[in-house]
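Participant:
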Amino acid sequence: MNRLLVFWIVVLVLMTPAHARAGTPYSVHWEMLQESNSCEDARLGIPGGDYFHANRMPLATFEVPGAYVSIPNGPKSNVAEAPSNSVLLRMGTNEFTFGTQNAMGNDTCVHQQNFVTLVSIPLGIQKPLFNVRRDGTAFSGSTQVGLSLSEINPPLARDIANLEVEIAAERKWLIENAAKAANLAERLDLLQQLDTELHDLVSRPLDEISEVDLDAILERYGDVVDEATREALVQLLSDLKKSVQDLKDELASLLEHFGAQADAVADLVTGEARAAGFSPDDPWEYSLTSSEVPWVEVPDVGDHFGDYAEVMQTLVHASSRIAIGFLPYAGPALDLCEAVTGKLLCLPGGEGSDHTTEERVGSAVGFGFGRDRERKRERKRERERQVESDCVPLRRLPPAPADPVTIM
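Now the structure itself:
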């Protein structure tokens, strides 16, 4: 089994694009056993599905080739892997979630054992995550695992160790040469501040670190430490910047994978209508026909229909993706991590704060609900003015769609 796991990890690393391979490779290793009296097969209902999340980030899960075993009238077993990257992990507590159920919807006849482990082949790490038995039930749960900096990012751990050595050496020199060292107390205090600030920095999640923060540290301390300390500081900050970029690349890879998966489901949902000639990209598909609303004399509403059709067209695309639990990416204006996590990770002053459901859906769909409501109010006021001036009855437009709710 270990040989198979090593082979699979190596294959995944070689097949993964270079931009997504930065950091330390990790994998969530899942062994499943279906007993002979279980009505469920030991296969993934959704290859590449997000059966696991690491710190709220979805992990694509795949079956290990050749691992499936089925004994006639006996048990069935399989192994799956969710390859990930250390940039999704953080120093200290990490939360992993796991969810599985019968793809046919009936769990009452399921008898299955699951063993899940967090693995890093390069670091020789194996940490148990879940030991779950299912007898007539689905499962959804979470667990927490503590990780040190050396288990997440060995280069950063080495950088901080080297910098501590240089800070200690400079502090020792200052004390030994106190008589001829200018501003001794101030320089010792600055070294202590630098040491404290860097320990705080590397303990923070990467999504809370910006290049502005790192450049500010170098600006504050770069000219007040000796050359050896400065070189060690520059190396640490450079590796931190690389790790932040690695995180963005990893998020882009996740978005690409799950976005394509969501689009495939959306195409499946609308496939029958498309075959019948429906085109969700055509705004005139959303027009009202005479069979739906009795004909009456109405004033020319012109552009208002265009607004209505545009909103309906957008909602058809978005609701099919939102309904399956995926928050779509809206374009370059929205930071990659916001679409996945729902947090204002990369906006100034917004670190760590959560989007509301309306903000997440509004930004992902590509239009603001605030603007949409203002348009509705303006259209209502204009209709009232037209009624007052012309005394002509207006045809009633269908009610505006309710705000969609993201299903997580």
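Taken in order, the sequence shown gives residues -20 to -1, 1 to 388; the numbers are from mature numbering (1 follows the signal peptide of the UniProt record, and there is no 0).
Glycine residues also receive a C-beta, built at the ideal position from the N, C-alpha and C atoms.
Owing to the predicted nature of the structure, the values given are computational and were not obtained by experimental measurement.
1) Below 6 Å CB to CB, which residues in the same chain sit around residue 107 once its five sequence neighbours on both sides are set aside?
2) Whole angstroms are fine: how far does the CA of residue 42 sit from the CA of residue 142?
3) Distance, Cα to Cα, residue 181 vs residue 28?
4) Spatial neighbours of residue 150 within its chain, please: C-beta separation below 6 Å, excluding the five flanking residues on both sides.
5) Can you tell me the Cβ-Cβ gap for residue 197 and residue 217, rounded? I've got them flagged as a contact below 8 Å.
6) Less than 6 Å between C-beta atoms, sequence neighbours within five positions excluded: which residues of the same chain meet that for residue 83?
7) Can you find at least 3 beta carbon pairs, one from the region 3 to 12 and one from the region 86 to 100, that sit closer than 8 Å?
8) Alpha helix (DSSP H) containing residue 44: first to last residue?
9) Could you work out which residue in 153, 115 and 120 is closest to residue 30 when comparing CA atoms only?
10) Looking only at C-alpha atoms, which of 19, 4, 202 and 71 sits nearest to residue 392?
11) CB of residue 183 to nearest heavy atom of the ligand SAM: below 7 Å?
12) Taking the straight line between their C-alpha atoms, what separation do you get for residue 57 and residue 50?
13) Using C-beta distances below 8 Å, list every residue in its chain close to residue 109, excluding the 5 sequence neighbours before and after it, in chain order.
14) Please state if the CB of residue 44 and the CB of residue 20 are separated by a distance shorter than 8 Å.
15) Return yes when the Cβ of residue 154 is within less than 8 Å of the Cβ of residue 167, no when it is not.
16) Are the CB atoms of residue 80 and residue 118 nearer to each other than 8 Å?
17) DSSP on residue 6, reduced to helix/strand/coil?
18) On the three-state DSSP scale, how would you describe residue 117?
19) Just to confirm my understanding: we take residue 55, look at its own chain, exclude 5 residues before and 5 after, and list those with CB closer than 7 Å. What are they?
20) Which runs of the alpha helix (DSSP H) fall wholly inside the region 46 to 133 and span at least 4 residues, in chain order?
21) What is the rounded straight-line gap between the Cα of residue 183 and the Cα of residue 137?
22) Taking buried to mean at least 16 other C-beta atoms within 10 Å of its own C-beta, is residue 131 buried or exposed?
23) Tell me where the beta strand (DSSP E) around residue 39 begins and ends.
24) With C-beta atoms as the reference, is residue 3 less than 8 Å away from residue 74?
25) Just the C-alpha distance for residue 213 and residue 39, rounded to the nearest angstrom, thanks.
26) Since I believe residue 219 is in contact with residue 139 (beta carbons under 8 Å), could you give me their beta-carbon distance rounded to a whole number of angstroms?
27) Below 6 Å CB to CB, which residues in the same chain sit around residue 114 once its five sequence neighbours on both sides are set aside?
28) So, using beta-carbon positions, are residue 147 and residue 5 closer together than 8 Å?
29) Check for me: the beta strand (DSSP E) holding residue 34 runs from which residue to which?
30) Quick check on this structure: which residue in 134, 116 and 112 has the alpha carbon closest to the alpha carbon of residue 104?
31) Please state whether the Cβ-Cβ distance between residue 223 and residue 67 is less than 8 Å.
32) Can you list, in chain order, the residues of its chain with a C-beta nearer than 8 Å to that of residue 129? Leave out the 5 residues immediately preceding and following it.
33) By the three-class DSSP mapping on this structure, what secondary structure does residue 166 have?
34) Helix, strand or coil: which one does DSSP assign to residue 24?
35) Does the Cβ of residue 165 have 16 or more other Cβ atoms within 10 Å, making it buried, or fewer, making it exposed?
Facilitator: Reading from the atomic positions:
1) On the sequence shown, position 127 is the one that residue 107 refers to. So the list reads 98 and 125, once near-sequence residues are dropped.
2) Here residue 142 refers to the residue found at position 162 when the sequence shown is read from its first residue. Here residue 42 refers to the residue found at position 62 when the sequence shown is read from its first residue. Their backbone Cα atoms lie some 39 Å apart in a straight line.
3) By 1-based counting over the sequence shown, the position of residue 181 is 201. By 1-based counting over the sequence shown, the position of residue 28 is 48. Rounded to the nearest angstrom, the two C-alpha atoms are 34 Å apart.
4) Locating residue 150 in the sequence shown gives position 170, counting from the first residue. The residues are 206 and 209.
5) The sequence position of residue 197 within the sequence shown is 217, counting from 1. The sequence position of residue 217 within the sequence shown is 237, counting from 1. Contact flag correct, Cβ pair sits at about 6 Å.
6) Numbered from its first residue, the sequence shown carries residue 83 at position 103. Excluding residues within five positions, the ones whose Cβ falls inside 6 Å are 25.
7) yes
8) As a working mapping, residue 44 is identified with position 64 in the sequence shown. Note, residue 44: premise wrong, no alpha helix (DSSP H); not H, not E.
9) Indexing the sequence shown from 1 puts residue 30 at position 50. Ranking the options by Cα distance to residue 30, first place goes to 120.
10) Not covered by the structure: residue 392. The range shown for the chain is -20 to 388.
11) Absent from the structure shown: the ligand SAM. Ligands present: none.
12) Position 77 of the sequence shown, counting from 1, holds the residue named residue 57. Position 70 of the sequence shown, counting from 1, holds the residue named residue 50. The alpha-carbon atoms of residue 57 and residue 50 are separated by roughly 7 Å.
13) Here residue 109 refers to the residue found at position 129 of the sequence shown. If we look at residue 109 and ignore the five residues flanking it on each side, its Cβ neighbours are 8, 76, 78, 96, 97, 98, 123 and 125.
14) In the sequence shown, counting from the first residue as 1, residue 20 sits at position 40. In the sequence shown, counting from the first residue as 1, residue 44 sits at position 64. No, the Cβ-Cβ distance between residue 20 and residue 44 is not below 8 Å.
15) As a first step, residue 167 must be located in the sequence shown, where it is residue number 187. As a first step, residue 154 must be located in the sequence shown, where it is residue number 174. Taking 8 Å as the Cβ cut-off, residue 167 and residue 154 qualify as a contacting pair.
16) Here residue 80 corresponds to residue number 100 of the sequence shown, with the count starting at 1. Here residue 118 corresponds to residue number 138 of the sequence shown, with the count starting at 1. Yes.
17) Along the sequence shown, one-based indexing puts residue 6 at 26. Correct three-state label for residue 6: strand.
18) Indexing the sequence shown from 1 puts residue 117 at position 137. Looking at residue 117 - three-state DSSP - the assignment turns out to be coil, as it is neither helix nor strand.
19) On the sequence shown, position 75 is the one that residue 55 refers to. Same-chain partners within the cutoff: 13, 14, 15 and 16.
20) 129 to 132
21) Sequence index remark: in the sequence shown, residue 183 carries index 203 (1-based). Sequence index remark: in the sequence shown, residue 137 carries index 157 (1-based). Their Cα atoms are separated by approximately 11 Å.
22) Counting from one through the sequence shown, the residue named residue 131 turns up at place 151. Its Cβ being crowded by 16 or more others within 10 Å, residue 131 is buried.
23) Along the sequence shown, read from residue 1 onward, the residue named residue 39 stands at position 59. Per DSSP, residue 39 belongs to the beta strand (DSSP E) from 37 to 39.
24) The sequence position of residue 3 within the sequence shown is 23, counting from 1. The sequence position of residue 74 within the sequence shown is 94, counting from 1. In this structure, residue 74 does not lie closer than 8 Å to residue 3 by Cβ.
25) The residue labelled residue 213 in the question sits at position 233 within the sequence shown. The residue labelled residue 39 in the question sits at position 59 within the sequence shown. Taking the straight line joining both Cα atoms gives about 34 Å.
26) Translated into the one-based positions of the sequence shown, residue 139 becomes position 159. Translated into the one-based positions of the sequence shown, residue 219 becomes position 239. Confirmed, about 5 Å.
27) Working through the sequence shown from its first residue, we reach residue 114 at position 134. Here the set comprises 90 and 92.
28) The residue given as residue 147 occupies position 167 in the sequence shown. The residue given as residue 5 occupies position 25 in the sequence shown. For residue 147 and residue 5, no; Cβs fall outside 8 Å.
29) Residue mapping note: residue 34 aligns to position 54 of the sequence shown, counting from 1. 32 to 34 is the extent of the beta strand (DSSP E) around residue 34.
30) Here residue 104 corresponds to residue number 124 of the sequence shown, with the count starting at 1. That would be 134, whose Cα lies nearest to the Cα of residue 104.
31) As a position in the sequence shown, residue 223 is number 243, starting the count at 1. As a position in the sequence shown, residue 67 is number 87, starting the count at 1. Cβ distance < 8 Å, so residue 223 and residue 67 count as in contact.
32) For the purposes of this step, residue 129 is taken as residue 149 along the sequence shown, with counting starting at 1. Here the set comprises 71, 136, 137, 140, 182 and 183.
33) Here residue 166 is taken as the residue at index 186 of the sequence shown, counted from 1. Here residue 166 sits in helix by DSSP.
34) If you number the sequence shown from 1, residue 24 lands on position 44. In this structure, residue 24 counts as coil in the three-state DSSP scheme.
35) As a first step, residue 165 must be located in the sequence shown, where it is residue number 185. Exposed, by the Cβ-count rule.
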